[in-house]
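The block underneath contains the structure these notes are about, expressed in structure tokens.
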Amino acid sequence: MIGDYAGYDALGLAELVRTRQVSAAELLETVLDRAAAVNPRLNAIVTPLYEQAREAVAAGLPEGPFAGVPYVFKELVVSVKGAPTTSASRLFADNMPVADSEIVRRCRQAGLVVIGKTNSSEFGLSAATEPALFGATRNPWDLSLSPGGSSGGSAAAVAAGLLPMGHASDGGGSIRIPAACCGLFGLKPTRARITAGPEGGEGLAGLANQHAVTWSVRDSAALLDATAGRLPGDPYFASPPQRSYQEEAGRDPGRLRIAYSAKSLHGAPVDSEIVAATEDAARLCSALGHEVSEASPAFDFEAVREGFAAVFAANCMASIARATGGRLPPEGSVEPLTRAIAERGLAMPAADYIRHLQVLHRESRAIARFYQQYDVWLTPTLAMPPRPTGYFDVNDTDVDRWLERLLAFTPFAFLANITGQPAMSVPLGESQIGLPIGCHFTARYGEEGLLFQLAGQFERARPWTMRRPNFPCGLATD
588 MIGDYAGYDA LGLAELVRTR QVSAAELLET VLDRAAAVNP RLNAIVTPLY
638 EQAREAVAAG LPEGPFAGVP YVFKELVVSV KGAPTTSASR LFADNMPVAD
688 SEIVRRCRQA GLVVIGKTNS SEFGLSAATE PALFGATRNP WDLSLSPGGS
738 SGGSAAAVAA GLLPMGHASD GGGSIRIPAA CCGLFGLKPT RARITAGPEG
788 GEGLAGLANQ HAVTWSVRDS AALLDATAGR LPGDPYFASP PQRSYQEEAG
838 RDPGRLRIAY SAKSLHGAPV DSEIVAATED AARLCSALGH EVSEASPAFD
888 FEAVREGFAA VFAANCMASI ARATGGRLPP EGSVEPLTRA IAERGLAMPA
938 ADYIRHLQVL HRESRAIARF YQQYDVWLTP TLAMPPRPTG YFDVNDTDVD
988 RWLERLLAFT PFAFLANITG QPAMSVPLGE SQIGLPIGCH FTARYGEEGL
1038 LFQLAGQFER ARPWTMRRPN FPCGLATD
């Protein structure tokens, strides 16, 4: 075992391997021992790839920035050769890819050792991680609570001290929601910053992105350096950054114009402790020298809500159609909520879908005008604390009720998916009973570097990496 394992971030562990203070094989066995202690209670890793990981280490690893560091991929969209790609659905339980996704190839090239795939909600539709196929993942801060979704498996594994970082994806907040629930740093990159290839051109009409949940800001930045970029033939791509993101994380952001709001844009109540944490984050920004004022963008929330629902319904049906030839799935092959959402997608005329996309583009331009006046917008990540397991019922077939409950829980995060802007959840707050509270920051399109600068400044001013759940028996903090 490696002493003070959880005290190292991924770059720190890679440095131990590089300087031969520990071998990649020893590091892997440390992590697998921790998995044996952690995973049965959390249900975070649902597809173990431990023997494949041992084989990869024995064969020799590339000399990348994360050489020897174990890593996990979310069980949604991403293909890992030799492991099923199920989207956490019984419909795709036997779907075996023949090759790695490009992001997996890039992670391997960076030296990461893939030890497994982590739990997700079915097709990423829920803000909890409780699929019928794999069962519920638990939050290491409190086992009665959900770690959020849909990247809850990765977030739970990282928060519990099993790994320093894990892959996540985000179509409506699914990196930032579990980051907030589990006290982690979670950044959603700019649209198309990381290719969806070679299998896909775009996810959820451009709403979906990939990256990771991490403890440290520099890990998130260095990982994005390693994975960002397009593939030939991608339908569009984000302009390359001026500097490496890891360099940006250490730079001073200067004096920023930061707007903040702790009020939901559609009237949903926001928990008083979350309001207080957001206002405290605004004061921290002011103390760090930024110009802070209370403001929110003006746009048609109802039109955006309808467009968001339409994109999810149509894409849910499109995913199912790959297995059914365009028909609705057989009863019992998907969860009742998934089937109800797919029914809406199947019934939607193509012209209506295009109309919804055009409305989302129009409202994205309205929101973008707000960022001509401000550099960053601060809000809560979530409107409520982490929810109990079962709060988001996948057996409910009322789609409108699902959407209402989803947006009451997370009324802020999904806007950056609509606009394609980069956004991050930073674990700056804490409730009276010790649960983490995430604060959400959104920047202009393409300005992940600015967010990394700001996050690095927060991390230096108010470190969070040693504030961890005592799970189990101190494992997360040893």
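Numbered as in my numbering, the sequence shown ends at 1065 without a single skipped number.
Virtual Cβ for every residue (Gly too), placed ideally from N, Cα, C.
In this text, all values refer to a predicted model and were calculated from it rather than measured experimentally.
Using the Cα positions of residue i and residue j, report the straight-line distance between them to the nearest angstrom.
i	j	result
S713	P652	34 Å
G913	E878	53 Å
G594	A783	33 Å
R949	D887	10 Å
S831	P649	20 Å
Y940	E1035	30 Å
Q797	K661	10 Å
A1030	R956	12 Å
I845	Y961	6 Å
T634	T705	7 Å
A855	R988	14 Å
F895	L994	11 Å
A953	A1010	18 Å
L598	G736	26 Å
N1057	A1063	6 Å
L600	V659	16 Å
E709	P972	22 Å
R870	E881	11 Å
A901	P671	24 Å
S906	A697	30 Å
E642	V618	15 Å
Which stretch, first to last residue, makes up the beta strand (DSSP E) that contains residue i?
i	result
W964	963-967
S1012	1010-1017
G773	772-775
I632	632-635
F660	657-661
How is the alpha helix (DSSP H) around residue i delimited, first residue to last?
i	result
V879	That residue, V879, is in no alpha helix (DSSP H); its beta strand (DSSP E) goes 878-881.
P627	611-629
V701	Where V701 is concerned, there is no enclosing alpha helix (DSSP H), although the beta strand (DSSP E) it sits in stretches over 700-705.
N902	888-911
H948	937-957
E991	986-996
V862	859-874
F1045	1035-1048
Y832	832-836
V690	Here residue 690 turns out to be Ile, not Val, going by the sequence shown. Note, I690: alpha helix (DSSP H), 689-696.
Tell me, which residues are paired with residue i by DSSP?
i	result
M752	T801
Y847	E881, L965
D757	N796
H1027	T966, S1012
N726	D729
P975	L732
G1021	The partner list for G1021 (beta bridge, DSSP) is empty, contrary to what the question assumes.
G1007	DSSP, once it has assigned bridges, lists no residue as partnering G1007.
A816	The amino acid at residue 816 is misidentified as Ala; the sequence shows Gly. According to DSSP, which records beta bridges pairwise, G816 is partnered with I781.
Exposed or buried, what is residue i when buried is set at 16 or more other beta-carbons lying within 10 Å of its beta-carbon?
i	result
Y823	exposed
P657	buried
V891	buried
G919	exposed
A623	exposed
R693	buried
A1003	buried
E717	buried
I767	Contrary to the premise, residue 767 reads as Ala rather than Ile in this sequence. By the neighbour-count rule (16 or more Cβ atoms within 10 Å), A767 is buried.
D620	exposed
E835	buried
T606	exposed
Is the beta carbon of residue i less than 9 Å from the beta carbon of residue j?
i	j	result
E1046	S803	yes
A654	A611	yes
A631	S807	no
G793	A779	yes
P923	V981	yes
G711	G758	yes
P727	V800	no
L1038	L774	yes
A864	G1021	no
E781	L750	Position check: residue 781 holds Ile in this sequence, whereas Glu was assumed. In this structure, L750 does not lie closer than 9 Å to I781 by Cβ.
Q608	P840	no
L852	F999	yes
A970	D858	yes
G825	A815	In the sequence on display, residue 825 carries Ala and not Gly. Yes, the Cβ-Cβ distance between A825 and A815 is below 9 Å.
L947	V898	yes
E930	L818	no
T777	Q1008	yes
R838	G1043	yes
S733	H754	no
Of all the CB atoms in chain D, is at least one closer than 9 Å to the CB of residue i?
i	result
E881	Within the model displayed, chain D is absent; a lone protein chain is all it includes.
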